[in-house]
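Taking the numbering used here, the leading residue of the sequence shown gets 73, the next gets one more, and so forth.
All residues carry an ideal CB built from backbone N, CA and C; glycine is no exception.
Keep in mind that this is a model prediction, so the values were computed, not measured.
Each remark here refers to the structure printed beneath this line.
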Amino acid sequence: MSSARTEILARLKKASTPEPRNLDPVLIPARGLVKGAERLEKFIIEAEYGLAEVITLKSISDVVGAMANILKAAKTTKLKAAPHSVLQDLDWADVDIDFGAGQDDDLVAVSMAYAGVAETGTVVMRSGSDAPTTLNFLPDVHVVVLFTQDIEGNYETVWQRLLQDDDQLPRTVNWITGPSRTADIEQTMLLGAHGPRKFVILLIDDQKTDP
């Protein structure tokens with residue numbers, strides 16, 4: 073290879089390689105820096121403020137009973153569930169359950185949350201084979217199971233977790249704060265405008281919350 077060609081290729085490589093930038097640290101609000109019991113309390117307060125229903129359970133096994141009550145309130149016996157191992161390992165013997173992606177006629181669905189954000193009471197849903205994104209939008213009632221140990225103080229920490237847990241980001245990350253709603257028409261609040269009309273968080277407190 074000629075020296076001229078080598079020099080040209082070297083210049084092209086240098087031009088196409090992004091130079092590292094020294095970015096200023098992100099300023100995180102004080103409400104996003106809470107820890108321990110205060111973080112959990114903040115998450116519940118903000119989630120309920122966003123019109124989510126929060127039900128605290130002591131064990132993952134209590135999810136089945138909680139879902140039975142939710143199904144009864146919704147006047148249905150059918151449940152769509154994400155094919156997540158945590159949910160599949162539960163005893164659903166008395167529940168008409170179907171594991172898979174969401175469908176237009178699903179009334180109630182349950183899925184596993186990746187994380188929670190105390191700052192805004194937001195639930196983070198990471199897409200994958202065990203977490204169909206359609207479950208976040210199609211059912212009338214969307215129920216998510218969230219462990220207290222997975223609640224972070226702020227959005228930035230969750231993004232860091234996502235980058236550390238996988239070689240690459242998932243195809244979709246949905247940040248859900250309460251049920252779907254809009255007030256576009258005459259400033260009147262309408263629930264279920266673009267997704268679930270009801271959003272329920274089953275908060276499993278069988279893991280010790282970080283100090």
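Legend entry - From Leu274, Leu275 and Asn226, residue whose alpha carbon lies closest to that of Pro101: Position 29 of the sequence shown, counted from the start, is the residue given in the question as residue 101. Selected option, being the one with the closest Cα: Asn226.
Legend entry - Three-state secondary structure assigned by DSSP to Lys144: Against the sequence shown, residue 144 aligns to sequence position 72. Helix at Lys144.
Inset, instruction - Indicate whether Val126 and Ile273 have their beta-carbon atoms separated by less than 8 angstroms. - result: Within the sequence shown, the letter at position 54 stands for residue 126. Within the sequence shown, the letter at position 201 stands for residue 273. It is a contact, given that the beta carbons lie within the stated cut-off.
Inset, instruction - Could you spell out the range, first to last residue, of the beta strand (DSSP E) harbouring Val189? - result: Indexing the sequence shown from 1 puts residue 189 at position 117. Val189 -> beta strand (DSSP E) spans Ala187 to Val189.
Inset, instruction - Please confirm whether any heavy atom of the ligand FMN lies closer than 7 angstroms to the CB of Ala146. - result: The ligand FMN is not part of this structure, which contains no ligands at all.
Inset, instruction - Compute the distance between the beta-carbons of Asp222 and Leu179, then report whether it is under 8 angstroms. - result: Within the sequence shown, numbered from 1, the residue matching residue 222 stands at position 150. Within the sequence shown, numbered from 1, the residue matching residue 179 stands at position 107. No; because the gap between Cβ atoms is not below 8 angstroms, this pair is not in contact.
Inset, instruction - Report yes if the CB atom of Leu129 is closer than 8 angstroms to the CB atom of Val136, and no otherwise. - result: What you label residue 129 is simply residue 57 of the sequence shown in a count that begins at 1. What you label residue 136 is simply residue 64 of the sequence shown in a count that begins at 1. The answer is no: Cβ separation not under 8 angstroms.
Inset, instruction - Check Gly137 in the structure and name its three-state DSSP category. - result: To locate residue 137, count along the sequence shown from 1; it is residue 65. If DSSP states are grouped into helix, strand and coil, Gly137 belongs with the helices.
Inset, instruction - Could you tell me if Lys280 is buried or exposed, where buried requires 16 or more neighbouring beta carbons within 10 angstroms of its beta carbon? - result: What you label residue 280 is simply residue 208 of the sequence shown in a count that begins at 1. Reliability of the predicted coordinates at Lys280 is poor, the pLDDT of 47 falling under 50, and the value obtained from them is presented with this limitation in mind. Taking all protein chains in view, the Cβ of Lys280 is surrounded by fewer than 16 other Cβ atoms within 10 Å, so the residue is classified as exposed.
Legend entry - Length at least 4, wholly inside the stretch 197-250: the alpha helix (DSSP H) runs in chain order: 227-237
Legend entry - Bridge partners - Ser183, DSSP secondary structure assignment: Locating residue 183 in the sequence shown gives position 111, where the first residue counts as 1. DSSP lists Val216 as partners of Ser183.
Legend entry - Rounded separation between Ala140 and Leu275 - CA only: For the purposes of this step, residue 140 is taken as the residue at position 68 of the sequence shown. For the purposes of this step, residue 275 is taken as the residue at position 203 of the sequence shown. C-alpha separation (whole angstroms): 16 angstroms.
Inset, instruction - Determine which residues share a DSSP beta bridge with Glu79 and list them. - result: Mapped onto the sequence shown, residue 79 falls at position 7. For Glu79, DSSP records no beta bridge to any residue.
Legend entry - Cβ neighbour criterion (16 or more within 10 Å) applied to Pro97: Along the sequence shown, one-based indexing puts residue 97 at 25. Pro97 should be labelled exposed.
Legend entry - Simplified DSSP assignment, three categories, for Ala153: Within the sequence shown, the letter at position 81 stands for residue 153. The answer is strand: DSSP assigns Ala153 an E or B state.
Legend entry - From Gly122, Ala154, Gly193 and Thr192, residue whose alpha carbon lies closest to that of Val215: Walking along the sequence shown from the start, residue 215 turns up at place 143. With distances taken between Cα atoms, Val215 lies closest to Ala154.
Legend entry - Backbone CA spacing between Val189 and Arg269 [nearest angstrom]: In the sequence shown, the residue the question calls residue 189 occupies position 117. In the sequence shown, the residue the question calls residue 269 occupies position 197. If I take the Cα positions, the gap works out to 21 angstroms.
Legend entry - Of the residues Thr206, Asp202, Arg198 and Ala119, the one placed nearest Val158, counting alpha carbons only: Numbered from 1 along the sequence shown, position 86 holds the residue referred to as residue 158. Between Val158 and the set Thr206, Asp202, Arg198 and Ala119, the nearest pair of CA atoms involves Asp202.
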